[in-house]
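Taking it in order: structure first as structure tokens, then the write-up.
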Amino acid sequence: MAAEPNEPKNRYRRYLEVVTGSLEDKRRYRRYKTRISQLPPDYRTAAEAMERYLLHLGLTDGADMTMYEDLADLFERSAIDETPIRDLFGEDPVEFVEAFVANYPAGQWRNRERNRLTSAIKRAAGEEPAGEDRTE
Amino acid sequence: MGKLVTEMLKGTLEGIVLAILSGRPAYGYEITAWLRDQGFSDIAEGTIYALLVRIEQRGLVDVEKVPSEKGPPRKVYSLNAQGREYLEEFWTTWSFLAGRLEQLREGGK
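Protein chains in written order, with numbering that gives the first Met the number 0: chain A, 0 to 135; chain B, 0 to 108.
Take a look at the structure:
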């Protein structure tokens, strides 16, 4: 790549990413998927079940690539150390998964509803003039 | 370990892990192993991992990646100044709580 046309490339890339989403994120996500696909079958099944739960419940917006990378780190390490799946997840898989996902930005609708509740209670408690509905 | 202890541990696990790390740096697996040795056998390895991610994000620990014979490098966690401060606060809160609970128990007799 040439040294000088750095700026035009960035602009082009900016336009492109408006349409496609971040290319870097896509690359990171694909890398995550590859790492998961290379796990031993039981670990792969568990990791995929976990991703499904996270995304379908809207616990996360799925845009935080760090989350996927942390997840892949954990499963790769566990597979190599031969940590039994049950030891990894504990008696209640939901508890672990929720503790895990709480570390990353929440999904959009979850955030919206949290803010809605917080401001509704604020108004109901008389701490804010009525009529304002901040949902962001 | 019963259900009760698991519930009670939830709020204190962070302090416990920081206290372990105040002794010496450790990686996730060592921490879980130590907890199991001490009889906390119900703690999921994943839960500890999630906790370590959290205290790292909050800047309570320093992380060093140490190459491992097999697989990805291990993350070794050590308590930093901010973590020590937080741990102090944890112990203060703990003493308060334990004191009040003890009072309740005495009072109930």
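Glycine included, every Cβ here is placed at the ideal spot set by N, Cα and C.
### Query
Name the chain B residues whose beta carbon is nearer than 9 Å to that of D72 of chain A?
Y48, P71, K74
### Task
Specify the secondary structure class of D69 of chain A as computed by DSSP and reduced to three states.
Helix at D69 of chain A.
### Query
Roughly how far, in whole angstroms, is the beta-carbon of A49 of chain B from the beta-carbon of A98 of chain A, given that I think they are within contact range, below 8 Å?
4 Å
### Query
Does the beta carbon of N102 of chain A sit closer than 7 Å to a beta carbon anywhere in chain B?
yes
### V111 of chain B, buried or exposed, once every other Cβ within 10 Å from all chains shown has been counted against 16
Residue 111 of chain B cannot be examined here, being either before or after the span of chain B that is shown, 0 to 108.
### Message
Under 8 Å: do the segment 100-107 of chain B and the segment 108-118 of chain A share three or more Cβ pairs, one atom per stretch?
### Response
no
### Query
On the premise that E84 of chain B lies in contact with I54 of chain B, defined as a C-beta separation below 8 Å, what is that separation, rounded to the nearest angstrom?
Their Cβ separation, rounded to whole angstroms, is 13 Å, which puts I54 of chain B and E84 of chain B out of contact at 8 Å.
### Query
the segment 33-59 of chain B: which residues have C-beta closer than 8 Å to a C-beta of chain A, in chain order?
D41, I42, A43, E44, G45, T46, Y48, A49, L50, V52, R53, Q56
### Query
Which partner residues does R73 of chain B have in the DSSP bridge list?
B:V65
### Task
Would you verify that the beta carbon of G89 of chain A is, or is not, closer than 7 Å to some beta carbon of chain B?
yes
### Task
Examine chain B for any beta-carbon lying closer than 7 Å to the beta-carbon of T153 of chain A, and answer yes or no.
Nothing in the structure corresponds to residue 153 of chain A, since chain A is present only between 0 and 135.
### Residues that DSSP places opposite T59 of chain A in a beta bridge
DSSP lists A:A105 as partners of T59 of chain A.
### Task
Count the CB pairs spanning the segment 71-90 of chain B and the segment 39-48 of chain B that are closer than 8 Å, and state whether there are at least three.
no
#### Entry: chain B residues whose Cβ lies nearer than 7 Å to that of T82 of chain A
Within chain B, the C-beta atoms nearer than 7 Å to that of T82 of chain A come from E44, in chain order.
#### Entry: Test item: CB-CB of G27 of chain B and L3 of chain B under 7 Å
no
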